[in-house]
Amino acid sequence: ILISCILVLALALGGAAYYLLTSGHGKFAFAALAGSTIKNLVIPAAPLKGQDTGRTNILLYGMTKDGLRTDSVILMSYYWKEKKLVTLNIPRDLYIYDGYENAKMGEIYAYAVARKPHDKTYPDTYVASVISKEYNLRIDYWTELNMQGEVDFINAIGGVDINVPDSFTDYEYPTWNYSGYIRPAPHFTVGPQHMNGDAALIFSRSRHSLNNNEGTDFARSKRQALVIEAIMTKVKAMGLIGNIGDISKY
1052 ILISCILVLA
1062 LALGGAAYYL
1072 LTSGHGKFAF
1082 AALAGSTIKN
1092 LVIPAAPLKG
1102 QDTGRTNILL
1112 YGMTKDGLRT
1122 DSVILMSYYW
1132 KEKKLVTLNI
1142 PRDLYIYDGY
1152 ENAKMGEIYA
1162 YAVARKPHDK
1172 TYPDTYVASV
1182 ISKEYNLRID
1192 YWTELNMQGE
1202 VDFINAIGGV
1212 DINVPDSFTD
1222 YEYPTWNYSG
1232 YIRPAPHFTV
1242 GPQHMNGDAA
1252 LIFSRSRHSL
1262 NNNEGTDFAR
1272 SKRQALVIEA
1282 IMTKVKAMGL
1292 IGNIGDISKY
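Under the numbering used here, the first residue of the sequence shown is numbered 1052, with each subsequent residue one higher.
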């Protein structure tokens, strides 16, 4: 069932992990996580949207801690014929007309929440519609990525291995409650690194470094792609999702 190939990251980072964390389970064991992930992945039996046209598009919303804004938006496209997964990071500071006003991509979700505070599905649907119109493509599915869920999932699979392209230090990386900056400041050295969940999250979210142009949205996009690739590699090697091997190109 090729849904597992496409949604393994969405469910690993957002779906299964997000469900466990928001359903009162708190910390969870790897076995519980694996079981929940597999259950969510293998149940769908109906043809996937986009399968008939050869491309299925999924939006991954990386939410801020308060759940009111998208810290990052990643478009994941699976090409059925080529068995290829492609990701595109949509910059949070990109100005876009949302049908009401020109706003930053990272703010559109919050504006949607303010318009319909009691409609839990509206913000996700609305952001997807804005992106669909702006980029002239169909959005088939979407899911929210919970930051703590990402940390716990990566820890549950024993961390990930990432080849850091450039050394950098972020002296303005915020604490979890945004009351100040993390000290000592997060630092990453060029070369192979084994990262736990916290380190991988910081690596993928850092955006204030003055070293090697690592403070740009473009650099952050590349680092997020590296984390996704590392998770894919680790999950595939562990055999957590059997048919993830159907993705032959990333």
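Glycine is no exception: its CB is placed at the ideal position from the N, C-alpha and C atoms. Keep in mind it's a predicted model, so treat the numbers as computed, not measured.
Pairwise C-alpha distance: Tyr1229 and Thr1104 = Position 53 of the sequence shown holds residue 1104. Position 178 of the sequence shown holds residue 1229. Cα to Cα, the separation comes out at about 44 Å.
Are the CB atoms of His1146 and Lys1132 nearer to each other than 8 Å?
-> Here residue 1146 corresponds to residue number 95 of the sequence shown, with the count starting at 1. Here residue 1132 corresponds to residue number 81 of the sequence shown, with the count starting at 1. Position check: residue 1146 holds Tyr in this sequence, whereas His was assumed. Between Tyr1146 and Lys1132, the C-beta spacing is not below 8 Å.
Check whether the Cβ atoms of Ile1208 and Val1278 sit closer than 8 Å, and answer yes or no.
-> Within the sequence shown, the letter at position 157 stands for residue 1208. Within the sequence shown, the letter at position 227 stands for residue 1278. No, the Cβ-Cβ distance between Ile1208 and Val1278 is not below 8 Å.
In whole angstroms, what separates the C-alpha of Lys1184 from that of Glu1152?
-> Counting from 1 along the sequence shown, the entry for residue 1184 is found at position 133. Counting from 1 along the sequence shown, the entry for residue 1152 is found at position 101. The C-alpha of Lys1184 lies about 15 Å from the C-alpha of Glu1152.
Got a sec, what are the start and stop residues for the beta strand (DSSP E) Arg1306 sits in?
-> A question about residue 1306 goes unanswered here, because the residues of the chain that appear run from 1052 up to 1301.
Helix, strand or coil at Met1289 according to DSSP, with G and I counted as helix = Residue 1289 sits at position 238 when you count from the first residue of the sequence shown. Helix at Met1289.
Range covered by the beta strand (DSSP E) that runs through Pro1243 | Here residue 1243 refers to the residue found at position 192 of the sequence shown. From DSSP, the beta strand (DSSP E) with Pro1243 extends over Gly1242 to Met1246.
Asp1249 - DSSP class collapsed to helix/strand/coil | For the purposes of this step, residue 1249 is taken as residue 198 along the sequence shown, with counting starting at 1. In the structure shown, Asp1249 sits in a helix (DSSP, three-state: H, G or I).
If you count every other CB in all the chains shown that lies within 10 Å of the CB of Met1283, and 16 or more means buried, which is it?
-> As a working mapping, residue 1283 is identified with position 232 in the sequence shown. Counting the other CB atoms within 10 Å of its CB gives Met1283 a total of 16 or more, which places it among the buried residues.
Hey, how far is the Cα of Ile1205 from the Cα of Thr1138?
-> Reading the sequence shown from its first residue, position 154 is the one you call residue 1205. Reading the sequence shown from its first residue, position 87 is the one you call residue 1138. Distance from the CA of Ile1205 to the CA of Thr1138, rounded to the nearest whole angstrom, comes to 19 Å.
Would you tell me roughly how many angstroms separate the C-alpha atoms of Leu1126 and Ser1255, rounded to the nearest one?
-> As a working note, residue 1126 is residue 75 in the sequence shown. As a working note, residue 1255 is residue 204 in the sequence shown. Cα to Cα, Leu1126 sits roughly 16 Å from Ser1255.
Out of curiosity, what's the CA-to-CA distance linking Val1124 and Glu1201?
-> Your numbering for residue 1124 matches position 73 in the sequence shown. Your numbering for residue 1201 matches position 150 in the sequence shown. Cα-Cα distance, rounded: 15 Å.
Opposite Lys1155 in the DSSP bridges: which residues?
-> Looking up residue 1155 in the sequence shown gives position 104. Its beta-bridge partners are Tyr1146.
Is it true that the region 1173-1181 meets the region 1239-1256, where meeting means three or more beta-carbon pairs spaced less than 8 Å apart?
-> In short, these stretches do not touch, since the Cβ pair count stays below three.
Just curious, the alpha helix (DSSP H) that Glu1201 is in, first and last residue?
-> Taking the first residue of the sequence shown as 1, we reach residue 1201 at position 150. Where Glu1201 is concerned, the enclosing alpha helix (DSSP H) stretches over Met1198 to Ala1207.
Look at Ala1236 and Thr1220 and say whether their C-beta atoms are less than 8 Å apart.
-> The sequence position of residue 1236 within the sequence shown is 185, counting from 1. The sequence position of residue 1220 within the sequence shown is 169, counting from 1. Contact: yes.
How would you call Val1241, buried or exposed, if buried means at least 16 neighbouring beta carbons within 10 angstroms?
-> Numbered from its first residue, the sequence shown carries residue 1241 at position 190. With fewer than 16 other Cβ atoms within 10 Å, it is exposed.
With 16 as the cutoff for other CB atoms within 10 Å, does Arg1198 come out buried or exposed?
-> Position 147 of the sequence shown, counted from the start, is the residue given in the question as residue 1198. Note on residue identity: the sequence assigns Met, not Arg, to residue 1198. Flag for Met1198 reads buried.
Should Thr1121 be labelled buried (16 or more other beta-carbon atoms within 10 Å of its own) or exposed?
-> Within the sequence shown, numbered from 1, the residue matching residue 1121 stands at position 70. When all chains shown are included, Thr1121 counts as buried.
Can you check whether the CB of Tyr1112 is closer than 8 Å to the CB of Leu1196?
-> Within the sequence shown, the letter at position 145 stands for residue 1196. Within the sequence shown, the letter at position 61 stands for residue 1112. Cβ distance < 8 Å, so Leu1196 and Tyr1112 count as in contact.
Could you check the C-alpha separation between Asn1187 and Arg1234 for me, to the nearest Å?
-> The sequence position of residue 1187 within the sequence shown is 136, counting from 1. The sequence position of residue 1234 within the sequence shown is 183, counting from 1. Distance between Asn1187 and Arg1234, taken at the CA atoms: about 43 Å.
Considering Ile1182, what are the terminal residues of the alpha helix (DSSP H) in which it resides?
-> Walking along the sequence shown from the start, residue 1182 turns up at place 131. Its alpha helix (DSSP H) spans residues Tyr1173 to Tyr1186.
Assigned secondary structure, Pro1095 (DSSP; H/G/I helix, E/B strand, else coil) | Taking the first residue of the sequence shown as position 1, residue 1095 is located at position 44. The predicted position of Pro1095 is uncertain, since its pLDDT is 49 and thus under 50; no value can be drawn from it.
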